[in-house]
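In what follows, a structure is listed as structure tokens, so that the remarks can point back to it.
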Amino acid sequence: MLHPITSNHYLVLSAAMLIIGTLGVLTRRNIVIVLMSIELILNAVNINLVTMSHHWQNLHGQVFAIFVITVAVAEAAIGLGILIALFRNKETVQADEIDLLKW
Amino acid sequence: MLDTIFFYVFALLTIGGAIATITRRSAMHSALSLIVSLLGVAGLYLLQKAEFLFAVQIVLYIGGIMVLFLFVIMLVNLDQAAKERQFNRQWLLGLVASVLVGAQMVWMLNSAGVLSLPAAVPAPAATGPGNIEALADLLFREYLLPFEVASLLLLVAIVGSVMMAKKTS
């Protein structure tokens, strides 16, 4: 029958989610989707923090997760602001078309 | 038993939503898949008795950040982008690199003994303060200064994003 769920299941799940998010950041061209992949990565981190917080019955991990969410909100707001400014100037949302600093 | 079933349902929502997020062509579909994924994560928080984070995840992530994303997707014209190539030229390198990092991570977790953690500390009997009360105690006593710094960060983020998105004459 099914094994009982331990903290390891959550750790492996969060590792998988982190890898999927990294893959999105590295391979997608659309900047909006790259920003969403960053949200996936931050959520994977939060799963890890909450899992360890539950495992050791120590609430500090959950407090840290709250701070991670705060930073994620700030990052999303700034990132989308930059995206709007970028679209106004360059008329593109493809990450590899913004290559002004490329050699 | 019921916990096991719920874990697999939420894990499926999380991973399936995440995969759909990075593979869909239309940014709108990606955003909706991300909402499904975040709902799965919220369920995982609930399974781990983090009720406050469960509420925060739904109200703040799905209600706040994702609505912001949807607004921007509608504001910025993405029709042209959906017709073009979706992955950049280094996609194969990116795939290999992230699979390698993933394998390395699992190998490290395994060899460092993290995947055979000591038994979990049993939850105390439910007589003490609840999750939200205990969290508030910790946040407003021990973490008061970081809490205030976080509010400053949010203020800076608000001003910064308004500055960024403002039309310059």
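Top to bottom, those sequences are chains A and B. Note that the first sequence ends on residue 121 in our numbering; no numbers are left out. Note that the second sequence ends on residue 265 in our numbering; no numbers are left out. All residues carry an ideal CB built from backbone N, CA and C; glycine is no exception.
Where residue i sits in the DSSP three-state scheme
i        : result
A/ASN48  : strand
B/GLN200 : helix
A/GLN112 : strand
B/MET170 : helix
A/SER77  : At residue 77 of chain A the sequence reads Leu, which differs from the Ser that was named. DSSP places A/LEU77 in coil when its eight states are reduced to three.
A/MET70  : helix
B/ARG121 : coil
A/GLY39  : helix
B/ASP233 : helix
B/GLN144 : coil
B/GLU238 : coil
B/LEU251 : helix
A/ASP117 : coil
B/LEU213 : coil
B/ILE131 : helix
B/THR110 : helix
B/MET97  : coil
A/THR88  : helix
A/ILE96  : helix
A/HIS27  : helix
DSSP beta-bridge partners of residue i
i        : result
B/ALA183 : Sequence check: residue 183 of chain B is Phe here, not Ala. B/PHE183 is bridged to A/ARG46.
B/VAL153 : One point to set straight first is that residue 153 of chain B is Gln, not Val, in the sequence displayed. Per DSSP, none; premise fails for B/GLN153.
Status (buried if at least 16 other CB within 10 Å, exposed otherwise) for residue i
i        : result
A/VAL91  : buried
B/GLY224 : exposed
B/VAL152 : buried
B/PHE150 : buried
A/ILE102 : buried
B/GLY159 : exposed
A/SER71  : buried
A/LEU118 : exposed
B/MET204 : exposed
B/THR264 : exposed
B/MET259 : exposed
A/ARG106 : exposed
B/GLY113 : buried
B/PHE167 : exposed
B/MET97  : exposed
B/PHE236 : exposed
Residue i: CB within 7 Å of a non-hydrogen atom of the ligand HEM
i       : result
A/VAL30 : In terms of ligand content, the structure shown is empty, and the ligand HEM therefore cannot be addressed.
>> Measuring CB atoms only, is the region 125-139 of chain B touching the region 53-61 of chain A, in the sense that at least three cross pairs come out at less than 8 Å?
In response: yes
Report task. Specify whether the region 99-113 of chain B and the region 134-151 of chain B touch according to this definition: at least 3 beta carbon pairs, one from each stretch, less than 8 Å apart. Result -> yes
Stretch-stretch touch, CB-based, cutoff 8 Å, three pairs: the region 39-51 of chain A with the region 165-184 of chain B | yes
Check whether the region 86-100 of chain A touches the region 246-258 of chain B, taking contact to mean three or more Cβ pairs, one atom from each stretch, closer than 8 Å.
-> Between the region 86-100 of chain A and the region 246-258 of chain B, the count of Cβ pairs shorter than 8 Å is three or higher; the stretches touch.
field: Three or more C-beta pairs below 8 Å linking the region 57-77 of chain A and the region 31-42 of chain A
entry: Enough Cβ pairs lie closer than 8 Å, so yes.
Three CB pairs or more closer than 8 Å across the region 193-208 of chain B and the region 63-79 of chain A:
no
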